[in-house]
Structures are given as C-alpha cells and as structure tokens.
Amino acid sequence: MKGRVFSGARPTGRQHLGNYCGAIKNYVALQEDYECIYCVVDLHALTTLRDTRELKQNTYEMVLDWLAAGMDPKRSIIFVQSHVPQVTELHTILSMVTPMGWLTRLPTFKEKVRQQPDNVNYGLLGYPVLMAADITLYKADTVPVGEDQLPHLEFTREIVRRFNFQFGETLIEPQAKLTETPRIMGIDGVNKMSKSLDNHIELAATPEEIRRRVMIMVTDPARRYKRDPGHPEICNVFALHKIFTSDAAAMSRIETDCRHASIGCVEHKKWFAEDLIQALAPFRERRAELGQNPDLVWDVLADGAARARVIAQKTIAEVKERVGLP
Ligand code: TRP
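As numbered in this note's numbering, residues 1298 to 1623 make up the sequence shown, in order.
Shown next, in the form of structure tokens:
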C-alpha cells in the first residue's frame, strides 16, 4: 500500500522561489509515490495574525500557484484546514495528553514570544497540538517539512506515543521528510527568502518584475570591482541561477569567466534574469490560464474538503471510542 503524505502551509498569498524550492516542488514530486493530502492551515495562521482580512485572498493566490505548479487535485487532496472542523475536536482531545512543559519548552514557541511579546495568545501555545491533530487526523505516515518544523514533528511523535500508550494503538507515528534543496536566500543575499522581508521573487512575477528584482540582487560580497576575481561559491546569484537553468555548460562558462573577472556581476545578472524568465514562463502561462475560471480554486477546495472529511470522520469516531467518550 502507498504511504500517506500530509503537509500544511500557512496561506501566504502568491508564492515565491523559496516556497517553490522548499515545499511546492517536493509536494508535486511526492504525488508520484504517495497518497498526498495538502492543507492550507488557516487556523494556524490565526495565531500570528491581527488583521485577518486578507486570509481569503491569500488562500486563493497560494492555491492557484499550487495548481499551476503541478499539484494535482485529481490525485491529491487539497483543502482548507477549517473546512474540516474535526481537527479542532482532535486538537482538544490531544491537548489532554499534552504536558504544559512540552509546549512552553519548544524553541518555536519561545521564538514567537520574542517576535510578538504583546500577543502571546493561547492558540500560539497550542499551535503544535493543532499540528499534531492535522497529521494524525489524516493518519499520515510521512510529513514533508523544512528543518524549522522538526521540533513540531518530534512533538507529534511523542503525543502519538502517549495517546497510544494510554488508549491503545490508534494514531500513526509520522516520519519527517526533509527537502534536499539548500535553502534559498533572498535578493539581499543574507536572509532566507521571505515575503515579510520583501526580499523575494514571485513565481508569477512578470518579466519586468523579474528583471527589476534580479538587478538589485546582492552578489559575491568579496568582489568590489569588476576587475576583482569573483567567487561563485559564495555568490547568491550564481546559486539561484544553477537551480533555475538546465544548461550546465553555460554555468561552467560563467563560473570560469567570473573567477577570471572576464564577466561582471551586472552582466551575469542580465543572463540570469533572462534564464529565470524563461524557466518560469510555463508556470506563468498555466497560472493565467487557470485563473480565467475564478471558481476553479474554490471548487478544488470544496472537493478536497469533502474527501478529507471522509477520512477525518472515521478517525475522530475511532478516537472518541478509544477515549471512552459516551
Ligand atoms: N507549522 C507548519 C509551518 O509553519 C505548518 C503546518 C501546520 C504543518 N500543520 C502542519 C506542516 C502539518 C506539516 C504538517 O510551516
């Protein structure tokens, strides 16, 4: 039998190169070998948002990007977390086997407390319990995540062991599956690519926007003048270019020319911009095509929720029985 994948992503709107390399690419590939369930975790998003007005639009834009990138609603279940409310029931039940200390000790919680000291809400503390509920409600055995989520995965495994020990084998202990792509830096060259830092390049960016963003990218920090020899191994433009071209011969020429200072950074960026425009063109076209039907995303999500609900209802019935709820 095929394994089952579950992954969740907060609705962050239009996706960027970092989202693609870190998650989406993997989501698409896993569809070949697993039964996949991909979830827009809108309830998780509520823990850090004050202004929730954009949630709907951000969900729409993210899912449209997902579909354009090749996440296939025929093969995979794509849905919105809050459309299947059983997850909140399981969250409550799992919270009873969660020692408080486990939650307050998590590095991700401490980080949030530092980031938003004036909004340390109860939901934030329970964030990992809700995530454990996501994974276990759908009986997933494999969870593709970034490294930052490993503590949450370990937490989920511990909750599952505790629940199963107390109430009998019911839930599945999931394995994390890390992405292989190195993490993508933003155009500033020092921070991870992120929308909140505005150092990103959108997958659906227009050719003009791609050129504009690429031309302000920070390059090799050790190369001050064009006559200085370059160091491709520490150049962010070089790193990104390698990911988004299949022309290995051209890359090795650029590498040599850069080391000998026979091309400058501006020249290299111009090439990279054109290659990136070309690499993203099929995605951009597909997105525009799918976007013609404004109902498509919502139809996909409604269908996904209906399919997810079937699995959720079964698990929650089993859990309630094990726990002994009347
Ligand atoms: N916490 C994850 C993140 O911030 C999102 C998430 C919620 C998730 N539920 C999940 C990821 C279940 C994997 C599985 O990226």
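Backbone N, C-alpha and C define an ideal beta-carbon position, used for all residues, glycine too. In this text the structure is predicted, and so the values were computed from the model without any measurement.
query, result
"8 Å CB neighbourhood of residue 1544 in its chain, flanking five on each side removed", "1572"
"First and last residue of the uninterrupted beta strand (DSSP E) at residue 1439", "1439-1442"
"Contact between the stretch 1317-1328 and the stretch 1359-1366 (3+ Cβ pairs under 8 Å)", "yes"
"Check: residue 1413 C-beta below 7 Å from any heavy atom of the ligand TRP", "no"
"Contact test: residue 1388 Cβ vs the ligand TRP heavy atom, cutoff 7 Å", "no"
"Supposed contact pair residue 1533 and residue 1516 - C-beta distance, whole angstroms, cut 8 Å", "7 Å"
"Residue range of the alpha helix (DSSP H) that includes residue 1452", "1447-1464"
"Residue 1376 CB to nearest heavy atom of the ligand TRP below 7 Å", "no"
"Residue interval of the beta strand (DSSP E) (run including residue 1473)", "1472-1475"
"Residue 1541 beta carbon less than 8 Å from that of residue 1585", "no"
"CA-to-CA distance, residue 1391 to residue 1460, given in whole angstroms", "8 Å"
"Spatial distance of residue 1611 from residue 1432 (CA atoms)", "14 Å"
"C-alpha distance - residue 1617 paired with residue 1455, whole-angstrom precision", "20 Å"
"Residue(s) in a DSSP beta bridge with residue 1305", "1336"
"Residue 1563 versus residue 1524: straight-line alpha-carbon distance, rounded", "13 Å"
"Distance, residue 1435 Cα to residue 1608 Cα", "6 Å"
"Cβ-Cβ distance between residue 1448 and residue 1405 below 8 Å", "yes"
"Residue 1380 CB to nearest heavy atom of the ligand TRP below 7 Å", "no"
"Cβ-heavy atom distance, residue 1306 to the ligand TRP, below 7 Å", "yes"
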